[in-house]
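For reference, the structure is listed below as structure tokens.
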Amino acid sequence: MLRTDERKIMIIGGGIAGLAVGKSLSDNRIPFVLVEKTDELGGHSKSWACMATEGCLSCHGCLVYDYDDEVSSSQIGQIYLGHELSHVERSSKGNQKVRIRNIQNGDETELEVYSIVIAVGFDVFDPKEKSFWGYGRIDGVMTLADLNIIMRLDQTEKLNPSQKDSVDLAFFQCVGSRDKSIGCNYCSQYCCGAAIRATLKLIHERPEFHFTIFYIDLQLPGKTLPSLMDEARAKGVSFLQGVPGEISQAEDGKLQVLLEVDGINVAKEFDRIILSVGQQPPSSAALLSHILGAPLNEFGFFDTGTLADPARSAVGGVYVVGSCSGPATIEDSVLSAGRVVSAIIADMNEAR
Amino acid sequence: MLNYELQTENIDYGTQKLSLLVVGKGLTACIVTSAIEALGLCAVNTDDITPYSGLFHSCDQASLQSILEPLSKASFLSRTSLNATPLEIAQNGHGFSVTFDNGLQRTFSCVFLAVDTLPAPLPEGIPKEAKVFEPEIKNSLPGQSICFLLDYKEITDPAIGLSAIRTALDNQLAGGESVVILQHTPVKGFFGESLYESARIAGVKFIRFGDHQPKILSVNDSKDAAFRFRIEVKDIIQNGDDIIVECHEIFPAINPISTNVPAAFKKLLSDETDTNGSLIQDSVHCVAGKSFRRGVYCVGPASGCVDLIQTLNAAATNAVDAKFWVEQIVHNMREDIMTVSDQCVRCLTCLRLCPHMAISLKAETSRSSVIVSSSRCLECGICVAECPMTALDLNAFSEGLFIKLLQRLQDEGAGKHVVVFGCYRSAGRAMSVVQLHEEAIFFPVSCAGRLSESILSATVLACARGVLVLGCHHGNCRSNNGTDWAKARVESICGRLNSVLSNSVIVSYQTLAANEPARMVKIVNEFVGSTKQTCD
Ligand SMILES: Cc1cc2nc3c(=O)[nH]c(=O)nc-3n(C[C@H](O)[C@H](O)[C@H](O)COP(=O)(O)OP(=O)(O)OC[C@H]3O[C@@H](n4cnc5c(N)ncnc54)[C@H](O)[C@@H]3O)c2cc1C
Ligand code: SF4
Ligand code: SF4
Ligand code: SF4
Numbered sequence: 006m007l008r009t010d011e012r013k014i015m016i017i018g019g020g021i022a023g024l025a026v027g028k029s030l031s032d033n034r035i036p037f038v039l040v041e042k043t044d045e046l047g048g049h050s051k052s053w054a055c056m057a058t059e060g061c062l063s064c065h066g067c068l069v070y071d072y073d074d075e076v077s078s079s080q081i082g083q084i085y086l087g088h089e090l091s092h093v094e095r096s097s098k099g100n101q102k103v104r105i106r107n108i109q110n111g112d113e114t115e116l117e118v119y120s121i122v123i124a125v126g127f128d129v130f131d132p133k134e135k136s137f138w139g140y141g142r143i144d145g146v147m148t149l150a151d152l153n154i155i156m157r158l159d160q161t162e163k164l165n166p167s168q169k170d171s172v173d174l175a176f177f178q179c180v181g182s183r184d185k186s187i188g189c190n191y192c193s194q195y196c197c198g199a200a201i202r203a204t205l206k207l208i209h210e211r212p213e214f215h216f217t218i219f220y221i222d223l224q225l226p227g228k229t230l231p232s233l234m235d236e237a238r239a240k241g242v243s244f245l246q247g248v249p250g251e252i253s254q255a256e257d258g259k260l261q262v263l264l265e266v267d268g269i270n271v272a273k274e275f276d277r278i279i280l281s282v283g284q285q286p287p288s289s290a291a292l293l294s295h296i297l298g299a300p301l302n303e304f305g306f307f308d309t310g311t312l313a314d315p316a317r318s319a320v321g322g323v324y325v326v327g328s329c330s331g332p333a334t335i336e337d338s339v340l341s342a343g344r345v346v347s348a349i350i351a352d353m354n355e356a357r
Numbered sequence: 019m020l021n022y023e024l025q026t027e028n029i030d031y032g033t034q035k036l037s038l039l040v041v042g043k044g045l046t047a048c049i050v051t052s053a054i055e056a057l058g059l060c061a062v063n064t065d066d067i068t069p070y071s072g073l074f075h076s077c078d079q080a081s082l083q084s085i086l087e088p089l090s091k092a093s094f095l096s097r098t099s100l101n102a103t104p105l106e107i108a109q110n111g112h113g114f115s116v117t118f119d120n121g122l123q124r125t126f127s128c129v130f131l132a133v134d135t136l137p138a139p140l141p142e143g144i145p146k147e148a149k150v151f152e153p154e155i156k157n158s159l160p161g162q163s164i165c166f167l168l169d170y171k172e173i174t175d176p177a178i179g180l181s182a183i184r185t186a187l188d189n190q191l192a193g194g195e196s197v198v199i200l201q202h203t204p205v206k207g208f209f210g211e212s213l214y215e216s217a218r219i220a221g222v223k224f225i226r227f228g229d230h231q232p233k234i235l236s237v238n239d240s241k242d243a244a245f246r247f248r249i250e251v252k253d254i255i256q257n258g259d260d261i262i263v264e265c266h267e268i269f270p271a272i273n274p275i276s277t278n279v280p281a282a283f284k285k286l287l288s289d290e291t292d293t294n295g296s297l298i299q300d301s302v303h304c305v306a307g308k309s310f311r312r313g314v315y316c317v318g319p320a321s322g323c324v325d326l327i328q329t330l331n332a333a334a335t336n337a338v339d340a341k342f343w344v345e346q347i348v349h350n351m352r353e354d355i356m357t358v359s360d361q362c363v364r365c366l367t368c369l370r371l372c373p374h375m376a377i378s379l380k381a382e383t384s385r386s387s388v389i390v391s392s393s394r395c396l397e398c399g400i401c402v403a404e405c406p407m408t409a410l411d412l413n414a415f416s417e418g419l420f421i422k423l424l425q426r427l428q429d430e431g432a433g434k435h436v437v438v439f440g441c442y443r444s445a446g447r448a449m450s451v452v453q454l455h456e457e458a459i460f461f462p463v464s465c466a467g468r469l470s471e472s473i474l475s476a477t478v479l480a481c482a483r484g485v486l487v488l489g490c491h492h493g494n495c496r497s498n499n500g501t502d503w504a505k506a507r508v509e510s511i512c513g514r515l516n517s518v519l520s521n522s523v524i525v526s527y528q529t530l531a532a533n534e535p536a537r538m539v540k541i542v543n544e545f546v547g548s549t550k551q552t553c554d
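Chains as they are written, first to last, in our numbering: chain A, 6 to 357; chain B, 19 to 554.
In structure tokens, the structure reads:
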């Protein structure tokens with residue numbers, strides 16, 4: 006029989022989901038090993054900008070710093086940066102032998118762990134996949150991820166280089182989401198809220214910006230988003246239902262799109278178009294799924310069987326957390342981490 | 019700092035004092051109770067619980083069954099409850115002392131608020147014969163038609179929308195006819211799109227309206243009493259054609275607004291309600307229904323969440339946090355955060371002001387004393403700053419550090435520097451990746467709430483050219499209102515300084531988050547610049 010302190014949990018991926026699992030395990034004094042392939046903890050949320058205007062708009066982007074601190078200072082956590090899982094020797098009882106590899110020099114380290122949490126996150130959709138959006142080809146078309154980076158560097162003046170009195174910007178929602186033609190027939194969850202918050206933040210800083218949000222359906226779960234939408238409306242953001250046609254560039258540099266208004270085609274012009282790019286399964290999913298035997302679903306995310314038990318994968322002792330099991334917001338990821346830790350504790354108690 | 023040496027295997031969670039109180043009687047209370055018990059903790063219920071629906075089901079039938087089945091087991095439901103409503107919840111040692119309406123008084127380690135929602139009233143414009151959609155409605159008779167109306171006047175929460183579409187599908191499959199009228203199709207996770215597909219394939223009719231709200235009329239001319247309602251709607255998919263829908267029943271899917279929260283909880287969490295009146299703030303630190311009072315949790319509709327799956331996750335997350343809290347109580351695990359000196363005159367200013375109920379009075383016949391619970395304290399320092407006797411000090415961010423700073427300012431001579439005070443979790447973290455203006459001295463504090471007026475004015479008097487306070491954005495202060503306290507103090511000190519010192523020193527307050535290093539540099543540079551102007 007292993008004591009609690011001899012049963013280590015291995016977390017693969019140090020994004021907000023993996024960190025939240027680590028924090029909660031640490032709180033409950035369950036030792037853990039966190040393996041992160043890059044040189045930094047935090048994952049995607051570390052690249053997003055703060056959206057606060059008069060007050061915080063609850064984008065949850067800064068939470069990752071709190072979790073990072075808690076995990077980095079935990080006395081019962083080991084952190085391996087720049088490493089990835091290379092081998093697992095499964096055993097039905099007690100600890101499993103795993104090997105992790107240093108990505109830089111290929112050195113392998115052997116570890117004994119009790120169970121494994123997959124927290125490898127998502128990949129940002131690359132809109133070059135469809136030339137239709139002109140991303141990378143037409144100047145002035147950018148993704149919401151690009152916009153976040155500009156805002157984080159506090160360089161929003163770049164969005165209005167010729168210092169015009171009035172700038173028209175448009176968001177295209179569901180880019181790389183809800184699109185059967187590219188196998189992403191699911192909603193990415195975060196982007197309706199993120200686009201609305203970004204318009205509020207940008208208008209707060211640059212009153213000369215005017216926004217149009219093109220959407221299929223707005224997804225505004227929870228208690229704050231509907232009121233933020235009302236606020237955006239009140240500040241002049243127009244919400245238009247529909248998917249605009251191909252983007253083209255006029256001689257003066259303006260971006261043109263065709264859209265249907267009351268059955269009539271009209272052309273609209275914008276200075277900038279921001280593509281609200283979706284969440285894709287992580288590139289490392291296939292290899293990990295192979296090493297661990299944990300199956301992927303039809304979209305390529307880790308399968309968790311039923312909605313009733315989203316914490317456990319189909320393989321015993323392997324748990325799934327955060328956006329690697331399907332698109333998620335930061336709040337969803339943090340909540341799913343609690344669910345996983347609860348499942349780990351329950352399974353440990355049962356094994357006792 | 020936590021003590022990790024503990025072995026928790028031999029804690030007896032069953033002892034009365036360590037049990038957790040669950041307030042509520044419906045599905046949310048069932049979920050919370052089972053989440054607590056899954057961790058080996060002991061839950062005590064205020065009421066007998068039954069898993070009647072108070073949450074909306076954003077999942078398929080099979081998942082719903084596997085969620086509800088264990089919660090409907092007789093062995094789970096036949097637990098004895100207190101059968102009482104809490105009247106008063108007070109902090110007690112490390113736990114809570116609860117007085118109930120039947121006179122019972124007991125101590126608990128944690129309290130969980132898990133009450134279900136009450137249906138919202140029908141919005142104006144909908145005939146009173148209609149019924150607000152609830153998670154479980156009876157299928158209609160074959161040949162009868164039911165209309166589900168989403169997004170009427172206000173966008174419907176996706177969980178409620180999905181629940182309505184699922185009910186529409188069930189009704190259709192049972193031989194009825196379903197029409198769903200909406201503005202935004204709810205598509206949560208992978209389930210949303212596939213549900214929408216299956217509903218369409220099964221024959222559920224979807225009508226989508228745009229900016230024109232549908233008109234709902236009740237039909238009461240007795241000739242054609244078959245249909246009770248007529249709906250006039252512009253379908254934007256059909257080129258904006260006017261469509262008339264007639265149906266036997268109409269269920270508007272409305273976001274619930276009111277919750278039946280016991281008054282004792284409202285009092286306990288008085289300043290923690292959000293803009294919609296739900297308990298628990300809009301603060302980012304209230305993710306999952308954690309409150310600013312350690313040991314007080316709020317799950318489900320009372321926290322603004324009506325989704326079954328999300329509530330399951332929130333219940334598990336809070337239960338895990340509660341286990342941590344219970345173990346802290348048993349082992350008194352945290353090192354002392356604060357020192358109370360014998361300067362204290364027991365005026366209880368600190369006890370009144372502490373937003374986290376961390377301070378209590380230990381009554382004794384000889385000399386009562388003020389006790390700070392390190393498990394509850396979030397180091398906001400509001401009490402330290404407001405204590406009239408300066409009897410309190412934070413151990414990790416002590417007064418001594420300020421004195422060193424003041425010494426340094428005096429040594430270096432008048433007007434050389436501006437001092438930037440910043441909360442360590444926002445400005446402090448941004449600082450780790452930037453280089454500040456050479457004339458700025460950065461001084462991290464546990465929370466902007468710690469910056470008393472006396473510290474601010476002492477810094478000014480110690481020859482600083484200006485003092486900039488960087489708090490966290492309102493709504494993101496880890497201790498809830500520390501940053502607002504700092505703002506008020508800066509405003510008050512500006513008023514006083516302006517009358518005494520003419521305009522030569524600037525004290526200013528700005529807010530910042532950890533992920534705004536570039537903005538921090540800009541704010542500080544602008545501030546340094548502005549202090550130069552006034553000096554010249
Ligand atoms: C443009 C954009 C803006 C967004 N804005 C918001 C917002 O405002 N609010 C919000 O709530 N959500 C937002 N999101 C969503 C948010 O980013 C995700 O919810 C969140 O990052 C998910 O966290 P995660 O830990 O699951 O995944 P990730 O953040 O992707 O982290 C996964 C981690 O695992 C590591 N990893 C991957 N593979 C391996 C491997 N094989 N071995 C070891 N480590 C590995 C990665 O390096 C990474 O550190 C946004 C998303 C995008 C694309
Ligand atoms: S807006 Fe986002 S990043 Fe900014 S303080 Fe709020 S949660 Fe943090
Ligand atoms: S959240 Fe909104 S923009 Fe993102 S995929 Fe879903 S519907 Fe589209
Ligand atoms: S505010 Fe100061 S003097 Fe008053 S009770 Fe608290 S510690 Fe004592």
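Just so you know, even glycine gets a beta-carbon here, dropped at the ideal spot from N, CA and C.
- Per DSSP, the unbroken alpha helix (DSSP H) holding valine 26(A) starts and ends at 21-32.
- Residues of the region 146-170 of chain A that bring their beta carbon within less than 8 Å of a beta carbon in chain B comprise Arg157, Leu158, Asp159 and Gln160, in sequence order.
- In this structure, lysine 35(B) places its C-beta atom within 7 Å of the C-beta atom of threonine 125(B).
- Inter-segment contact for the region 229-240 of chain A and the region 132-144 of chain A is absent: fewer than three beta-carbon pairs are separated by less than 8 Å.
- Across the region 222-237 of chain A, CB contacts with chain B closer than 8 Å involve Asp222, Leu223, Gln224, Leu225, Pro226, Gly227, Lys228, Thr229, Pro231, Ser232 and Met234, in sequence order along the chain.
- Taking C-beta separations shorter than 7 Å and ignoring five residues to either side along the sequence, the partners of valine 282(A) in its chain run Val129, Phe130, Pro132, Thr148, Leu149, Ala150, Val180 and Gly181, following chain order.
- For alanine 271(B), the closest of Cys165(B), Leu326(B) and Ile347(B) by C-alpha to C-alpha distance is Cys165(B).
- Taking 6 Å as the cut-off, the C-beta of alanine 409(B) counts as close to a heavy atom of ligand 4.
- Close partners of isoleucine 173(B) in chain A (Cβ separation under 9 Å): Leu223, Leu225, Leu230, Pro231 and Met234.
- Residue range 104-110 is occupied by the beta strand (DSSP E) that includes alanine 108(B), with no alpha helix (DSSP H) assigned at that position.
- Judged by DSSP secondary structure, glutamine 101(A) falls within the beta strand (DSSP E) whose first and last residues are 101-107.
- Leucine 68(A) has a beta carbon lying within less than 7 Å of a beta carbon in chain B.
- Proximity of the region 65-78 of chain A to the region 47-57 of chain A meets the contact definition, three or more beta-carbon pairs being nearer than 8 Å.
- With 16 or more other CB atoms across the displayed protein chains lying within 10 angstroms of its CB, glutamine 284(A) is buried.
- Between the beta-carbon of glutamine 528(B) and that of leucine 488(B) there is about 6 Å, and that keeps the pair under the 8 Å contact cut.
- Out of Ile67(B), Arg311(B), Trp343(B) and Gly307(B), the CA that lies nearest to the CA of threonine 329(B) is found in Gly307(B).
- Spatial neighbours of methionine 156(A) in its own chain (CB-CB distance under 6 Å, excluding positions within 5 residues in sequence) are listed in chain order as Ala54.
- Against chain B, the CB of leucine 30(A) has no partner CB under 7 Å away; the residue lies outside that interface.
- Proximity of histidine 209(A) to chain B, defined by a Cβ-Cβ separation below 7 Å, is not satisfied.
- Only residues of its own chain outside the window of five on either side were considered, and among them Leu36 and Ser127 have a CB closer than 6 Å to the CB of valine 344(B), listed in chain order.
- Set against 6 Å, the gap from the CB of methionine 538(B) to the closest heavy atom of ligand 2 is not smaller.
- Assigned with DSSP and collapsed to three states, valine 76(A) falls in helix.
- Interface flag for serine 93(B) against chain A is unset, since no Cβ pair is found closer than 7 Å.
- For the region 489-516 of chain B, the beta-carbon criterion of a distance under 7 Å to any beta-carbon of chain A is satisfied by His491, His492, Gly493 and Asn494.
- Its chain contains Phe461 as the residues whose beta carbon lies nearer than 6 Å to that of leucine 423(B), once the 5 sequence neighbours on both sides are disregarded; these appear in chain order.
- Straight across, the Cα-Cα distance linking isoleucine 218(A) with methionine 15(A) is about 42 Å.
- With the criterion set as a beta carbon lying under 8 Å from some beta carbon of chain B, the members of the region 176-196 of chain A are Arg183, Asn190, Tyr191, Cys192 and Gln194, in sequence order.
- For isoleucine 144(B), the closest C-alpha among the options Asp502(B), Ile347(B), Lys233(B) and Arg426(B) is that of Lys233(B).
- Taking a C-beta distance under 7 Å as the contact criterion, valine 197(B) and valine 263(B) qualify as a contact pair.
- Cβ atoms of phenylalanine 310(B) and asparagine 498(B) come within 8 Å of each other, at about 5 Å.
- Counting only the Cα atoms, alanine 476(B) lies some 38 Å from asparagine 110(B).
- For glutamine 361(B), the three-state secondary structure derived from DSSP is coil.
- Along the region 56-67 of chain B, the positions whose C-beta sits under 8 Å from a C-beta of chain A are Ala56, Leu57 and Gly58, read in chain order.
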